[in-house]
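Residue numbers (the working numbering): 10 to 210.
A quick write-up on the structure given underneath.
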Amino acid sequence: MRLAISVVVVLITVLHGLVYAAPQELTPHPNPQPAPAFTLQDSQGKTHTLADYQGKVIIVNFWATWCPPCVKEMPSLQRAWEQLRQEDIQVLAINMGQDREDIDYFLSKYPVEFPILLDSDVAVAESWGIKGLPTTFVLDASMRMVVEVIGEREWDDPELLNQVRALKTGSNTLSTDRQGTPGTPANSLFAARAGVPKLAQ
């Protein structure tokens with residue numbers, strides 16, 4: 010299964026280099042559904058539940074250290090968090106199938122200040138219907154999944170940030186453009202239960 014995951018990652022890395030940058034727009038769900046609840050620990054061992062963030066707009070990013078587009082977009086999530094944290098908008102990153110050692114090493118190279126949650130058995134990813142990495146959801150204050158983005162974005166892009174802020178005020182300014190930069194297909198991702206490749210050290 011590790012080999013299957015590695016082949017998928019190599020293939021998507023090649024394809025990713027052939028695709029132009031995605032427009033910095035968010036696509037609204039035509040029929041937003043409630044986000045599935047979860048209880049996960051962060052990289053420091055603290056327990057987080059989705060209900061902890063009730064009433065906030067939340068950016069929820071599913072990722073892995075072996076997914077090149079995930080790694081590439083992580084600094085932009087940190088820059089977005091630096092702007093949004095004072096506006097009561099939360100960022101959460103849910104890592105799929107890796108252990109705390111992998112995450113600690115990643116954070117030593119790419120430090121972020123928002124919670125990194127560990128979905129060790131990828132049960133949360135399955136319940137959220139993840140089809141590729143990175144996948145990012147934006148939840149409104151009622152915890153409905155109003156936006157789903159598959160693929161990398163520059164999350165600190167001013168236009169994109171304004172669209173996230175609009176969800177807090179209840180404005181409907183989201184684009185209906187569905188173009189985007191492809192992410193890593195998730196056909197084999199749930200093999201992470203059997204282990205995933207370590208981040209190169």
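From the three backbone atoms N, C-alpha and C, an ideal C-beta is built for every residue, glycine too.
7 Å CB neighbourhood of residue i in its chain, flanking five on each side removed
i, result
"E57", "Glu is not the amino acid found at residue 57; the sequence shown has His there. Same-chain partners within the cutoff: L49, D51, P124, L126."
"P45", "S136, W137"
"L20", "Confidence is the limiting factor: at L20 the pLDDT is only 40, short of 50, which leaves the residue's position unreliable, though a coordinate-based value still follows. Excluding residues within five positions, none has a Cβ falling inside 7 Å."
"D97", "K65"
C-alpha distance - residue i paired with residue j, whole-angstrom precision
i, j, result
"Q87", "A102", "10 Å"
"D61", "P77", "30 Å"
"A73", "T144", "10 Å"
"V155", "T36", "8 Å"
"E91", "I159", "23 Å"
"E161", "H38", "18 Å"
"F47", "V133", "7 Å"
"Q42", "S117", "36 Å"
"I68", "V100", "5 Å"
"P167", "N104", "26 Å"
"K81", "Q53", "23 Å"
"E122", "N171", "21 Å"
"Q95", "G179", "18 Å"
Which listed residue (the options) has its alpha carbon closest to that of residue i
i, options, result
"N40", "L148, E82, D165", "L148"
"L55", "R109, G179, K140, R94", "Reading off the sequence shown, one finds Lys at residue 55, where the question assumed Leu. Comparing Cα positions, the closest option is R109."
"A150", "N104, D166, E157, V173", "V173"
"E157", "F146, D166, P167", "F146"
"S129", "D111, E122, V121", "D111"
Presumed contact (8 Å Cβ cut-off) between residue i and residue j, rounded CB distance
i, j, result
"C79", "L169", "The pair is not a contact, with the Cβ atoms about 17 Å apart (cut-off 8 Å)."
"M152", "L59", "7 Å"
Sequence-distant residues of its chain with Cβ nearer than 6 Å to residue i (five each side left out)
i, result
"K177", "V66"
"Q63", "none"
"Y119", "M83"
"W164", "S85, L86, A89"
Residues near residue i by beta carbon distance below 8 Å, same chain, minus five either side
i, result
"L27", "Per-residue confidence for L27 stands at a pLDDT of 36, beneath the threshold of 50, marking its modelled position as unreliable; the derived number appears in the next sentence. So the list is empty, once near-sequence residues are dropped."
"D113", "S52"
Residue ranges of each beta strand (DSSP E) within the stretch 92-117, 3 or longer | 98-105
**Report entry** Continuous beta strand (DSSP E) assignments of at least 3 residues falling wholly in the stretch 49-94
**Finding:** Correct list: 56-58, 66-72.
Checklist entry - Where are the beta strand (DSSP E) runs, 3 residues long or more, that stay fully inside the stretch 137-184, in chain order? => result DSSP runs (the beta strand (DSSP E)) wholly in the stretch 137-184: 144-148, 154-159.
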